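In terms of numbering that gives the first Met the number 0, the sequence shown opens at residue 0 and continues consecutively.
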Amino acid sequence: MAIVFKRTEGLAEIPFHYCPGCTHGIIHRLVGEVLEELGVLGDAIGVAPVGCSVLAYDYFNCDMHEAAHGRAPAVATGIKRVHPNNVVFTYQGDGDLASIGTAEIVHAAHRSENITTIFVNNAIYGMTGGQMAPTTLPGQKATTSPYGRDPKHCGMPLKVSEMLATIPGASYVERVSVHNPANIRKAKKAIKKAFECQLAGKGFSIIEVLSTCPTNWGLTPVEALKWLEENMLPYYPLGNFRTPEEVK
Numbered sequence: 000m001a002i003v004f005k006r007t008e009g010l011a012e013i014p015f016h017y018c019p020g021c022t023h024g025i026i027h028r029l030v031g032e033v034l035e036e037l038g039v040l041g042d043a044i045g046v047a048p049v050g051c052s053v054l055a056y057d058y059f060n061c062d063m064h065e066a067a068h069g070r071a072p073a074v075a076t077g078i079k080r081v082h083p084n085n086v087v088f089t090y091q092g093d094g095d096l097a098s099i100g101t102a103e104i105v106h107a108a109h110r111s112e113n114i115t116t117i118f119v120n121n122a123i124y125g126m127t128g129g130q131m132a133p134t135t136l137p138g139q140k141a142t143t144s145p146y147g148r149d150p151k152h153c154g155m156p157l158k159v160s161e162m163l164a165t166i167p168g169a170s171y172v173e174r175v176s177v178h179n180p181a182n183i184r185k186a187k188k189a190i191k192k193a194f195e196c197q198l199a200g201k202g203f204s205i206i207e208v209l210s211t212c213p214t215n216w217g218l219t220p221v222e223a224l225k226w227l228e229e230n231m232l233p234y235y236p237l238g239n240f241r242t243p244e245e246v247k
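What follows is the structure in structure tokens.
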């Protein structure tokens, strides 16, 4: 019998701890598939900081390193400089990358460190109880903004991709989503290009992935997918913000 679908060698055979409907699992698979298809699993080193992805070292079938909250880009920088021939990536959430780790990601991009970052944006702090994140939308309720985010008090949500795309050292910046099959395919294509950018020595690359958090959004998995499409896409438009071809 012909095999038409199987587990990627890029992931270990361990059940995920993520909540039902969480799209971290989809993103994990895309990264695992890309590492396998590029033939770099044996040379890949991932960095997982604090957040929903804190246990990613159990899931990716490659060497993994745990980092302190927000410090994954700094740890990845050290690893890549010591092991320049390895493929080094960070896998970070919005509470980690866009809050406590903002300076780290900005300066990694500024230095054009030859690493790849997978940035998962679900507009909330997922692991620690659903607090408001830098990416939480105006009016969106969270445990620390029970009446909804008030831009007059908290400012507008941070658009990480648009911000990093202004930095000359950022070689490849793209925002994708995984809320339906068509966009999942586009997300994989972007993730693969990001790793290819690193393999070609073109410098820093980041893929922002819009993701769902049904538990902290208070929605069913199906409702969460619809909420992402109707609410996150208008504020966080998908697309490419900087390509390696633009970098001289």
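C-beta: ideal position from N, C-alpha, C; glycine also. Please read these numbers as outputs of a predicted model, since none were measured by experiment.
Closer than 6 Å by C-beta to residue 239: which residues in its own chain qualify, once you throw out the five before and the five after it? Chain order, please.
-> Spatial neighbours of residue 239 in its own chain (CB-CB distance under 6 Å, excluding positions within 5 residues in sequence) are listed in chain order as 173.
Are three or more beta carbon pairs between the stretch 51-58 and the stretch 96-103 nearer than 8 Å?
-> No, the stretch 51-58 is not in contact with the stretch 96-103.
Where residue 19 falls, given that 16 or more other Cβ within 10 Å makes a residue buried = Exposed.
Exposure of residue 234, with buried meaning 16 or more beta-carbon neighbours within 10 Å = When all chains shown are included, residue 234 counts as exposed.
Any chance you could list the beta strand (DSSP E) runs of at least 3 consecutive residues sitting entirely within the stretch 167-212, in chain order?
-> You should have 169-176, 203-209.
Whole alpha helix (DSSP H) elements within the stretch 103-145, 4-residue minimum | none
N-terminal and C-terminal residue of the beta strand (DSSP E) that residue 1 is part of = No beta strand (DSSP E) contains residue 1, which DSSP labels as neither H nor E.
According to DSSP, which residues form a beta bridge with residue 44?
-> 62, 87
Bridge-paired residues (DSSP) for residue 239 | 173
Should residue 43 and residue 62 be called a contact, given that it needs their Cβ atoms to be closer than 8 Å?
-> The criterion of a C-beta distance shorter than 8 Å is satisfied by residue 43 and residue 62.
Are the stretch 180-187 and the stretch 10-29 in contact at 8 Å, needing three or more beta carbon pairs?
-> yes
Close-in-space but distant-in-sequence residues of the same chain around residue 111 (CB under 6 Å, 5 per side omitted) | 168, 202, 203
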